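To start, the structure under review is shown below, and the notes come after it.
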């Protein structure tokens, strides 16, 4: 989820970007990222899975399901 940005050109011809302040992580801030898709989700939406000999957390039931 990206936030809106706007660009303005200064008098010397340089272009500056300005972004809206704030964090992209809403809620209590307790999130972890899925090993497969990289999306940040609450721990209750993740499950442990053995990947390449290590235990990693992945989305449950799948990476395509939307976050509630």
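In the numbering used here, the protein residues as written are -9 to 58. Heads up, the beta-carbon is just placed ideally off N, CA and C, and yes, glycines get one too. Computed from a predicted structure; not experimentally measured.
Under a Cβ-count criterion, where at least 16 other Cβ atoms within 10 Å of its own Cβ denotes burial, should residue i be classed as buried or exposed?
i: residue 49; result: buried
i: residue 42; result: exposed
i: residue 44; result: exposed
i: residue 22; result: exposed
For a test of the three-state rule: what should DSSP assign to residue i, helix, strand or coil?
i: residue 23; result: strand
i: residue 38; result: strand
If residue i sits next to residue j, beta carbons under 8 Å apart, how far is it from one beta carbon to the other, in whole angstroms?
i: residue 47; j: residue 38; result: 6 Å
Work out the CA separation of residue j and residue i for me, nearest whole Å.
i: residue 25; j: residue 56; result: 16 Å
i: residue 27; j: residue 52; result: 10 Å
i: residue 31; j: residue 0; result: 39 Å
i: residue 54; j: residue 36; result: 13 Å
i: residue 40; j: residue 29; result: 18 Å
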